[in-house]
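Enquirer:
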Amino acid sequence: MNTYSFLYRLIRYRFGIYLINVLAWTMIHMAPIVPGLLTKAFFDELAGSGASLVGIWGIIALFVAASLGRVALIIVGFITDVHSRFRIGMLLRRNMLEHVLKEPGAKAIPVSPGEAISHFRDDVDQTEEAASWSVDVFGMIAFAVVSSYILIRIDAMLTLLVFVPLIVVVTAAQLATARLQKYRAASREATAKVTGAISEMFGNVQAIQIARAEKRLVERFTRLSEERRRTMVRDRLMSEALDSVFTNSVNIGTGLILLLAGYKMRAGAFTVGDFSLFVYYLTFVTQLISNVGKFMTFFKQMSVGFARLTSLLQGAPAQVLTAFNPLYLNKRDTKSADDKSDAGADGEGPAFERLGRLEATGLTYRYPESGRGIEGIDLVLRRGSFTVITGTIGSGKTTLIRTLLGLLPKEAGNIRWNGRLVDKPGDFFVPPRSAYTAQIPRLYSDKLKDNILLGYPQRDGNLQKAIHSAVLEDDVPHLQEGLETVIGPRGIKLSGGQAQRTAAARMLVRDAELYVFDDLSSALDVETERKLWDRMFESRGDATCLVVSHRKAALARADHIILMNNGRIEAEGTAEELLSRSSSFRKLWNGEDEEG
Ligand SMILES: Nc1ncnc2c1ncn2[C@@H]1O[C@H](COP(=O)(O)OP(=O)(O)OP(=O)(O)O)[C@@H](O)[C@H]1O
Numbered sequence: 001m002n003t004y005s006f007l008y009r010l011i012r013y014r015f016g017i018y019l020i021n022v023l024a025w026t027m028i029h030m031a032p033i034v035p036g037l038l039t040k041a042f043f044d045e046l047a048g049s050g051a052s053l054v055g056i057w058g059i060i061a062l063f064v065a066a067s068l069g070r071v072a073l074i075i076v077g078f079i080t081d082v083h084s085r086f087r088i089g090m091l092l093r094r095n096m097l098e099h100v101l102k103e104p105g106a107k108a109i110p111v112s113p114g115e116a117i118s119h120f121r122d123d124v125d126q127t128e129e130a131a132s133w134s135v136d137v138f139g140m141i142a143f144a145v146v147s148s149y150i151l152i153r154i155d156a157m158l159t160l161l162v163f164v165p166l167i168v169v170v171t172a173a174q175l176a177t178a179r180l181q182k183y184r185a186a187s188r189e190a191t192a193k194v195t196g197a198i199s200e201m202f203g204n205v206q207a208i209q210i211a212r213a214e215k216r217l218v219e220r221f222t223r224l225s226e227e228r229r230r231t232m233v234r235d236r237l238m239s240e241a242l243d244s245v246f247t248n249s250v251n252i253g254t255g256l257i258l259l260l261a262g263y264k265m266r267a268g269a270f271t272v273g274d275f276s277l278f279v280y281y282l283t284f285v286t287q288l289i290s291n292v293g294k295f296m297t298f299f300k301q302m303s304v305g306f307a308r309l310t311s312l313l314q315g316a317p318a319q320v321l322t323a324f325n326p327l328y329l330n331k332r333d334t335k336s337a338d339d340k341s342d343a344g345a346d347g348e349g350p351a352f353e354r355l356g357r358l359e360a361t362g363l364t365y366r367y368p369e370s371g372r373g374i375e376g377i378d379l380v381l382r383r384g385s386f387t388v389i390t391g392t393i394g395s396g397k398t399t400l401i402r403t404l405l406g407l408l409p410k411e412a413g414n415i416r417w418n419g420r421l422v423d424k425p426g427d428f429f430v431p432p433r434s435a436y437t438a439q440i441p442r443l444y445s446d447k448l449k450d451n452i453l454l455g456y457p458q459r460d461g462n463l464q465k466a467i468h469s470a471v472l473e474d475d476v477p478h479l480q481e482g483l484e485t486v487i488g489p490r491g492i493k494l495s496g497g498q499a500q501r502t503a504a505a506r507m508l509v510r511d512a513e514l515y516v517f518d519d520l521s522s523a524l525d526v527e528t529e530r531k532l533w534d535r536m537f538e539s540r541g542d543a544t545c546l547v548v549s550h551r552k553a554a555l556a557r558a559d560h561i562i563l564m565n566n567g568r569i570e571a572e573g574t575a576e577e578l579l580s581r582s583s584s585f586r587k588l589w590n591g592e593d594e595e596g
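For the sequence shown, position 252 (counting from the first letter as 1) is numbered 252 according to the working numbering, and the numbering increases by one without interruption.
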C-alpha cells in the first residue's frame, strides 16, 4: 500500500462525514469571492463608476452579512473537521493497539515502550493533519478557478502575475520535499530514541544505581539529546526555509501587481474597484499558496509516519492499520459491543464447551533470536488432572505453556479441545476456559483488590476465597489499608512472593476449566508453595491444572509429570515411575533437599 491509498482508505472510513467536511471547507474557501466583489462595487460606487442597485449602505449591509456568513461557516467547518480528523486518528490508534495486543506476548512491540508511544502520538497526529488538510484542496482549487475567471475577465496580464508565484512555489517545494522527508525521518528517529532512553532510565532506576551507571547513562542521554537537537534544527530550518519561499515569492508578486496596477490606473484602464478586488483576492491567494505548501509538507510527513507505523506491525500487511472497525463513540455502539462481547464471553464460537480432554501434538516453537525453544511436544490433559512440567533451567517449560496458550505463535503442531481443533489459541485460552499465572507477574498501580479482580465482578466471597487459595490471607492485614492498599509501580512494593501470590489470586478468582501456573517456586519458599498446592487441591473441584514446578509438593501430587530437556520431552509418567527410571528426574527430586 502506498501513501496515497493509505490516505484514501482512511478517508473512506467515514466517507459521509469526510464529504460534509469537504463541502463545509469548500464553501469557507469560496466565501471570500463575495466580499471581494462587494469591495469592488463599494469602491466603484464611491468613485462614481459603479452601477450598484443597492447603494453604499446596501453594499455595507451585504458585506456585514457575508462576513457573518463566513464566521458561521467556519464554526460549522471546525465542527465537521473535528468529527472527521479525530475518527481517522482514533481508527489508526485503535487498529494499532488491537494488533499490538493480539501479537503473542513475547513479540508485542519491536521497539521500546517510549518509542512505541511516540509512534502512537506523533505519527498518528501527522496522518490526521494530512487527512484534515486534504479537505482544503477542493475549496482552494475551486477558489483559484472562480477567482481567476473573475480576474482574467478584468485583466489577464495582472492575473498571470498573481498566479505565477504559485507555480514557482509549488515547483520549489516539490524539489525540496525529498530532502525534507529525510530530515523529518531523522528528527523523528532521534526523538524516539530520547523518549525511549527516558523511559528505560525511569524503569531501571534501581539497577542503574546498583551498577553505578549514572555517569555512563547521563553521557548516553546527552549524546542522544545532542543528536536530536542537531536533527531537529535541520528539520526546522528546512521547513522554515520552505515556508519563507512560499511567503516571499507571493510578496514579490504583490509588488509587481501594485506597480503594474498603478501604471494602468493612471492610464484610466483600471478602476479603483478593480484594484481593490485584486488586492483583496491576493490576500487569499497568499493563504492558498501557503496552504498548498502546508498540505504538501503534511503529506510528506505522513508518508514518513506511515512507514514507521507499518514497521510496528512486524510484517503484518499495512491494511491492518486502515481496517474499518467500530470506534464506540456513542452509547448505542457501546451497548451493542457489550452485547456482542457478552455473547462471545466464552471466546471462540458461540457455545462454551467444558473441558474433557485437551491435546497438543507436535507443538514446536523456536525463538528467532536464539533458535532455541521447543520441538515436537505431545501432551494430553484430561479433565480434573494435575499435570506438572518440570526440567532444568532453560529446558523449555515456559516456552511450552506459552506456545500452548497462544502467547507465542506455534510453528508447527495442533491443539485440540475435546477433539476439536483450536485455530487461534491466543483468543481461545481465556477465562472461563483457562486462566494463567506468568512466572514474572505484572502488577498495576492500583488497589490490591483491583489488581486481583481486574474488572471481574466481586460476588459470593470469591475474592476472599481466591486470597485464601493463593495463601495471601496473612499478608493482607499487614498492608496499611489491607485490600484497599495501592500497590504496583506507584504504590507500595510487594515482595516477589507476594506479587506472585497476588497474580495467582487474580487467576484463581476467575472460574476456569484449566488453570495454568508458570513456575511459582522462583519466589515462594517450599512451605508456602506446599500450602498453595494443598489449598488448590481442596478448592479446585474438578478443574484441570497444568503447572510448571520442580518442587516435591507439586511433583508428588501430579497425576502426570512431563520432564523437559533441551526443548523436548525426555521422560514422562508419575513421580514414582520417573524416580525409578529417570536419573535426571532423580536429580531434580533430590535437588530440593539441597535447596531447602
Ligand atoms: N525471548 C527469548 N529469546 C530467545 N531465546 C529465548 C527467549 N526466551 C527463552 N529463550 C531460550 O529458549 C530456551 C527455553 O527457555 P524457557 O524460558 O522456555 O525455559 P524454562 O525451562 O522455562 O527455563 P526457566 O526454568 O529458567 O524458567 C532457553 O534456551 C532460552 O535461552
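Cβ coordinates follow ideal geometry from the N, Cα and C atoms, glycine included.
Remember, predicted model here, so these are calculated numbers, not experimental data.
1) In angstroms, rounded to a whole number, what distance separates the CA positions of Ile-487 and Ser-434?
2) Nearest CA to the CA of Phe-143: which residue from Thr-485, Gly-455, His-550, Thr-26?
3) If distances are taken between C-alpha atoms only, which option among Met-536, Phe-6, Trp-417, Leu-23 comes closest to Ala-360?
4) For Phe-517, which three-state DSSP category applies?
5) Does DSSP put Gly-349 in a helix, in a strand, or in coil?
6) Determine the burial state of Met-157: buried for a count of at least 16 other Cβ atoms within 10 Å of its Cβ, exposed for fewer.
7) Which residues are close to ligand 1, meaning CB closer than 5 Å to any heavy atom, in chain order?
8) Leaving aside the five residues before and after Ile-17 along the sequence, list all residues of the same chain whose C-beta is less than 8 Å from its C-beta, in chain order.
9) Just checking my contact of Glu-518 with Asn-291 at CB under 8 Å: how many whole Å lie between their CB atoms?
10) So, are the CB atoms of Ser-276 and Phe-43 less than 8 Å apart?
11) Can we say the segment 390–410 touches the segment 445–457, given the rule of at least three CB pairs closer than 8 Å?
12) When the Cα atoms are used, what is the spatial distance from Leu-579 to Glu-572?
13) Give, in chain order, every unbroken run of the alpha helix (DSSP H) that is at least 4 residues long and sits entirely within the segment 6–57.
14) Roughly how many angstroms lie between the CA atoms of Leu-7 and Ala-307, to the nearest whole one?
15) Which residues in the same chain as Glu-348 place their Cβ atom closer than 8 Å to its Cβ, once the five residues preceding and following it in sequence are excluded?
16) Please identify the residue among Arg-70, Asn-566, Ile-154, Glu-226 whose C-alpha is closest to the C-alpha of His-29.
17) Taking the C-alpha atoms as reference points, what is the distance between Thr-271 and Arg-184?
18) Run through the DSSP bridge pairs and tell me what Leu-546 is partnered with.
19) What is the rounded straight-line gap between the Cα of Val-194 and the Cα of Gly-114?
20) How big is the Cα-Cα spacing for Ile-59 and Asn-248?
21) Taking the alpha-carbon of Arg-179 as reference, which of Met-238, Ala-213, Cys-545 has the nearest alpha-carbon?
22) Determine the direct distance from the alpha carbon of Gln-500 to that of Ile-440, and round the result to whole angstroms.
23) With distance defined between alpha-carbon atoms, name the residue in Asp-378, Val-285, Ala-466 nearest to Asn-251.
24) Would you say Gly-305 and Thr-127 are within 8 Å of each other, going by their C-beta atoms?
25) With respect to 7 Å, is the separation between the Cβ of Lys-397 and the closest non-hydrogen atom of ligand 2 below this value?
26) Rounded to the nearest angstrom, what separates Tyr-4 and Leu-309 at their Cα positions?
27) Should Gly-356 and Thr-364 be called a contact, given that it needs their Cβ atoms to be closer than 8 Å?
28) For the putative contact between Leu-494 and Leu-555, defined by C-beta atoms under 8 Å, what is the C-beta separation to the nearest angstrom?
29) Tell me which same chain residues have a C-beta within less than 6 Å of the C-beta of Ser-385, skipping the five on either side of it?
30) Beta carbon of Ser-549, beta carbon of Asn-565: below 8 Å?
31) Quick one: residues in its chain with C-beta nearer than 7 Å to the C-beta of Phe-120, no 5 flanking neighbours on either side, listed in chain order?
32) Beta-carbon separation of Ala-504 and Thr-437 under 8 Å?
33) Secondary structure at Gly-596, three-state DSSP: helix, strand or coil?
34) On the DSSP letters alone, give me the boundaries of the beta strand (DSSP E) that Met-564 sits inside.
35) Nearest to Gly-394 by alpha carbon, out of Gly-567, Val-320, Glu-473, Thr-528?
36) Buried or exposed, going by whether 16 or more other CB atoms sit within 10 Å of the CB of Asp-542?
Expert: Let me spell this out:
1) When rounded, the distance between both Cα atoms is 26 Å.
2) The shortest Cα separation from Phe-143 among Thr-485, Gly-455, His-550, Thr-26 belongs to Thr-26.
3) Taking only the C-alpha atoms, the option nearest Ala-360 is Trp-417.
4) DSSP places Phe-517 within a strand segment (E or B) once states are collapsed to three.
5) Model confidence at Gly-349 stands at a pLDDT of 46, short of 50, so the residue's coordinates are unreliable; what they give is reported in the following sentence. Assigned with DSSP and collapsed to three states, Gly-349 falls in coil, not helix or strand.
6) Answer is exposed; the Cβ neighbour count stays below 16.
7) My final list is Tyr-367, Glu-369, Ser-370, Arg-372, Ile-393, Gly-394, Ser-395, Gly-396, Lys-397, Thr-398, Thr-399.
8) Once the five neighbours on either side are set aside, the close Cβ partners of Ile-17 are Thr-80, His-83, Ser-84, Arg-87.
9) Reading the sequence as shown, one finds Asp at residue 518 and not Glu. Separation of the CB atoms of Asp-518 and Asn-291 is rounded to 57 Å, and the pair is thereby denied contact status at 8 Å.
10) The Cβ-Cβ distance between Ser-276 and Phe-43 falls below 8 Å.
11) Touching, no, given that fewer than three Cβ pairs across the two stretches are closer than 8 Å.
12) Their Cα atoms are separated by approximately 11 Å.
13) If we require 4 residues or more, the alpha helix (DSSP H) runs fully inside the segment 6–57 come out as 15–30, 33–47.
14) Distance between the alpha carbons of Leu-7 and Ala-307 is about 13 Å.
15) In this prediction, Glu-348 has a pLDDT of 45, which is less than 50 and means its spatial position is unreliable; what the coordinates show is noted afterwards. Excluding sequence neighbours, Glu-348 sits near Val-422, Asp-423, Lys-424, Asp-427, Phe-428.
16) The candidate whose alpha carbon is nearest that of His-29 is Arg-70.
17) Linking Thr-271 to Arg-184 through their CA atoms gives a straight-line distance of about 48 Å.
18) Answer by DSSP bridge pairing, in chain order: Thr-387, Val-516.
19) Going by the C-alpha atoms only, they are around 8 Å apart.
20) The alpha-carbon separation between Ile-59 and Asn-248 amounts to approximately 34 Å.
21) Comparing Cα-Cα distances from Arg-179 to each of Met-238, Ala-213, Cys-545, the minimum goes to Met-238.
22) Rounded to whole angstroms, Ile-440 to Gln-500 spans 7 Å at the Cα level.
23) When each option's Cα is compared against that of Asn-251, the closest is Val-285.
24) Yes.
25) You won't find ligand 2 in this model; what it holds is ligand 1.
26) Approximately 15 Å between the Cα atoms of the pair.
27) Taking 8 Å as the Cβ cut-off, Gly-356 and Thr-364 do not qualify as a contacting pair.
28) About 27 Å separates the beta carbon of Leu-494 from that of Leu-555, a gap too long to meet the 8 Å contact definition.
29) The beta carbon of Ser-385 sits closer than 6 Å to those of Thr-544, Asp-559, all from its chain and outside the five residues before and after it, given in chain order.
30) For Ser-549 and Asn-565, no; Cβs fall outside 8 Å.
31) Cβ contact annotation for Phe-120 (same chain, cutoff 7 Å, sequence separation greater than five): Arg-93, Met-96, in chain order.
32) Yes, the pair counts as a contact, with Cβ atoms nearer than the cut-off.
33) In this predicted model, Gly-596 has a pLDDT of only 44, less than 50, meaning its place in the structure is not dependable; the value taken from the coordinates is given anyway. In the three-state scheme derived from DSSP, where H, G and I count as helix and E and B as strand, Gly-596 is classed as coil.
34) That run of the beta strand (DSSP E) goes 560–565.
35) Comparing alpha carbon positions, the residue from Gly-567, Val-320, Glu-473, Thr-528 closest to Gly-394 is Gly-567.
36) Counting other Cβ atoms within 10 Å of its Cβ, Asp-542 stays below 16 and is therefore classed as exposed.
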